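Here the structure comes first, spelled out in structure tokens, and everything after it is commentary.
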DNA sequence: GCAAAGACTGGAAGCGCTCACAGTTTTCGT
DNA sequence: ACGAAAACTGTGAGCGCTTCCAGTCTTTGC
């Protein structure tokens, strides 16, 4: 239908057809202030007739704004990409930004080499700001971005940079407390924990929450995991070996809890009759477990919208801000 | 450290510092042909000294290439976003494109209103091409993109547009055959199926594969699902009611199979002793099921790299092409 | 009725880059 | 040593848009 690939119409073409100048067209297309009714109508018609679409590169060059932000995934293991919650986050951010006519540029910064690339990318003016997702602490990328004065909002507490960039996080520590208190309330007495990695804020805070409730416990009750399913199997076995009388275990992630469940089944312990299992994240897998996992839900949808809100405010020149969101206890059958 | 936000250095600044002209700097930065060694060295030094980073908007304006492509997610229900395989796809594409210095712009086209936005977005020259992910057939977006002569590669067979755009798909039909043949080989005789939605190529092809092996079966053996877990529960109950002697069931998705598993457990049937259950997708949930699901693995990583390869070829002016990739049978304990 | 304040408009100067072109220098075959 | 070819370089004309500026034309307050 459209025939040969023709030169795309420019603003001048629209101006010609509408019988006004390019400047007027530009004004009409940007809010329409100082444009008369007839002129606006003529321009509208001309836009439709010519099939004009504004050229974002030319516009960005002139305005020095790109109307896009980078979504930086800074995770060496790409582990986040396996996390369904990450989907929700990405989706939520993309949608909230789209509502403001801002596009998301997806950027992977797994390797150190990537980091240089991303840093260049962000400072080139390609984007107006960045959303940073990374679980591990001490990423040098944060320093670089801050140095470049790029507006950045992080997801999760950026350990060591709390006052230098904005961030939105869920209250892991309070969430862990919620869960452990739930276990206590249910009458469990020997409550163990399988932790997350000690170099992630989540890993640290969830353990802290556990300690908030139980204080210094028998060290054999606390074993290390790393958020993976396999680590859950191993950790549970270690826990059963070190403290056979454990009657409940708080696991720092659902996936790891699924591993713990498998280990318990293999050990012939019933859940929750013999040992209760509590997860964290309320990921998709939680409801599919057997028995379905009692877990802590993080408000991912809310996190994404708040991240976007904070970023928009930064773009408006406001100051950095932090935001801690409450978690929710989801009681199913495992505890 | 960097002090007040200063004007970013331009190519002219670099040229001044290096003592050459802007044209020479440009050439040095784009392949470096026809630039003498000393000039190149001086420019390198000047770039480092000034902290110069090329302005992509200016470059895109001049070259009429954006070095970025849109990743269009055209799924009304955002269901794909819950699928871990989608992660792999997005990740794979982003990575493969980054290797070619191409950025991914994430674009959601769930609602019809979004569609217009996306269409404008893509035709504005913001991107050089698009990767299209959508499960449902007959999306008008495809027509629009084809009309606009935008290079597009779809993920999955774009029913009704097979010859108009490039695509990469896994061989769902052959995969379904593989699985049903596996069930037959294991000695199952009353093999039922819970299908996917009839308006998705996957739904259609997997059913076709089932029929390829078993021919026209007792209609009570085939019940409809829609890829959700809930539909798996309902469908399995219907199947047990209509064909109580069923001894195996091929389910069009793992998630649905998890639902079927739950329904069977509730009905007191053991898996696989009483009824075997086979899934499709090898999603994360498959291994976490109890018992772990026998399923069909789709080569998502490969799909993503092939999509990118095809898109790069399109950008080079080559013709549309299709690619069907083989699936893999993953035998676990459920069948 | 008049000046001042606005509303509207066209023109022109960029935004920072690429690329064709013309001019200069070097290389090299003979 | 000479001409042709190749390598190198600077210049200038865009790419398509925004925005400031200086005008013209209406309002409006008094």
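Protein chains in written order, with full-length UniProt numbering: chain A, 1 to 335; chain B, 1 to 335. Note that beta-carbon positions come from the ideal geometry of N, C-alpha and C, so glycine has one too. Bear in mind the structure is a predicted one, so any value in this text is a computation, not a measurement.
Leaving out five residues on either side along the sequence, give the residues of the same chain with a beta carbon under 8 Å from the beta carbon of residue i.
i: residue 40 of chain A; result: 28, 32
i: residue 238 of chain A; result: 223
i: residue 277 of chain A; result: 248, 249, 251, 257, 260, 261, 264, 271, 293, 294, 334, 335
i: residue 301 of chain A; result: 88, 92
i: residue 299 of chain A; result: 170, 325, 326, 327, 328
i: residue 162 of chain A; result: 322
i: residue 129 of chain A; result: 69, 70, 150, 151, 152, 153, 311, 314, 315
i: residue 4 of chain A; result: Annotation note: pLDDT 41 at residue 4 of chain A (below 50); position unreliable, no value reported.
i: residue 290 of chain A; result: 261
i: residue 344 of chain B; result: Here chain B comprises residues numbered 1 to 335, so residue 344 of chain B is not present and cannot be evaluated.
Between which residues of its own chain and residue i is the CB-CB distance below 7 Å, once the five residues before and five after are set aside?
i: residue 158 of chain A; result: 142, 165, 167
i: residue 9 of chain A; result: 50, 51, 52
i: residue 275 of chain A; result: 246, 247, 248, 249, 264, 269
i: residue 101 of chain A; result: 67
i: residue 218 of chain A; result: 243
i: residue 47 of chain A; result: 14
i: residue 189 of chain A; result: 247
i: residue 297 of chain B; result: 282, 327, 328, 330
Just grab the DSSP bridge partners of residue i for me.
i: residue 281 of chain A; result: A:297
i: residue 328 of chain B; result: B:297
i: residue 52 of chain B; result: None; residue 52 of chain B has no bridge partner.
i: residue 103 of chain B; result: B:68
i: residue 94 of chain A; result: Residue 94 of chain A pairs with nothing; no bridge assigned.
i: residue 375 of chain B; result: Outside the displayed range of chain B (1 to 335) lies residue 375 of chain B, so it cannot be described from this structure.
i: residue 155 of chain A; result: A:133, A:168
i: residue 264 of chain B; result: DSSP output for residue 264 of chain B lists no bridge partner at all.
i: residue 73 of chain A; result: A:108, A:133
i: residue 323 of chain B; result: B:168
i: residue 224 of chain B; result: B:195
Please compile the residues from chain B whose C-beta is within a distance smaller than 8 Å of the C-beta of residue i.
i: residue 44 of chain A; result: What residue 44 of chain A touches in chain B: nothing, since even the nearest Cβ is about 15 Å away.
i: residue 104 of chain A; result: 105, 106
i: residue 297 of chain A; result: Simply none; closest approach about 15 Å.
Given that residue i touches chain B, what residues does it touch there, using C-beta distances under 9 Å?
i: residue 285 of chain A; result: 284, 285, 288
i: residue 66 of chain A; result: 56, 57
i: residue 8 of chain A; result: 123, 124, 125
Beta-carbon within less than 6 Å of residue i's beta-carbon, same chain only, minus the 5 sequence neighbours each way: which residues are those?
i: residue 12 of chain A; result: 22
i: residue 169 of chain A; result: 156, 157, 324
i: residue 2 of chain B; result: Unreliable positioning characterises residue 2 of chain B in this predicted model, as indicated by a pLDDT of 40, which lies under 50. A coordinate reading is not provided.
i: residue 176 of chain B; result: 206, 209, 210
i: residue 286 of chain A; result: 254, 279, 293, 295
i: residue 229 of chain A; result: 255, 258, 259
i: residue 120 of chain B; result: none
i: residue 148 of chain A; result: 123
i: residue 60 of chain A; result: 66
i: residue 336 of chain B; result: With chain B represented from 1 up to 335, any question about residue 336 of chain B goes unanswered, as that position is not in the structure.
Under 8 Å by Cβ, that's how I've got residue i and residue j pegged, so tell me the actual separation to the nearest angstrom.
i: residue 153 of chain A; j: residue 310 of chain A; result: 5 Å
i: residue 283 of chain B; j: residue 84 of chain B; result: 5 Å
i: residue 66 of chain A; j: residue 146 of chain A; result: That pair is no contact at about 20 Å.
i: residue 70 of chain A; j: residue 107 of chain A; result: 5 Å
i: residue 225 of chain A; j: residue 194 of chain A; result: 4 Å
i: residue 74 of chain B; j: residue 134 of chain B; result: 4 Å
i: residue 308 of chain A; j: residue 96 of chain A; result: 4 Å
i: residue 196 of chain B; j: residue 203 of chain B; result: 3 Å
i: residue 355 of chain B; j: residue 288 of chain A; result: The displayed coordinates of chain B run from 1 to 335. Any statement about residue 355 of chain B would go beyond what the structure contains.
Which bits of chain A does residue i rub up against, with CB to CB less than 7 Å?
i: residue 98 of chain B; result: 108
i: residue 58 of chain B; result: 61
Against residue i, what residues of chain A qualify as contacts under a CB-to-CB distance less than 9 Å, listed in chain order?
i: residue 303 of chain B; result: Neighbours of residue 303 of chain B on chain A: none; closest Cβ ~15 Å, over 9 Å.
Could you tell me which chain A residues have their CB closer than 8 Å to the CB of residue i, listed as they occur along the chain?
i: residue 258 of chain B; result: 288
i: residue 242 of chain B; result: Correct list: empty, because the minimum Cβ distance to chain A is about 26 Å.
i: residue 124 of chain B; result: 53, 54, 55, 56
If the cut is a Cβ gap below 7 Å, which residues of chain B does residue i touch?
i: residue 95 of chain A; result: 108
i: residue 120 of chain A; result: 53
Any 3 or more C-beta pairs closer than 8 Å across the stretch 207-214 of chain A and the stretch 179-194 of chain A: Taking 8 Å as the limit for Cβ pairs, the verdict is that the stretch 179-194 of chain A does touch the stretch 207-214 of chain A.
Stretch-stretch touch, CB-based, cutoff 8 Å, three pairs: the stretch 168-181 of chain B with the stretch 315-334 of chain B: yes
Contact between the stretch 43-54 of chain B and the stretch 102-122 of chain B (3+ Cβ pairs under 8 Å): Flag = no, the stretch 43-54 of chain B and the stretch 102-122 of chain B do not touch.
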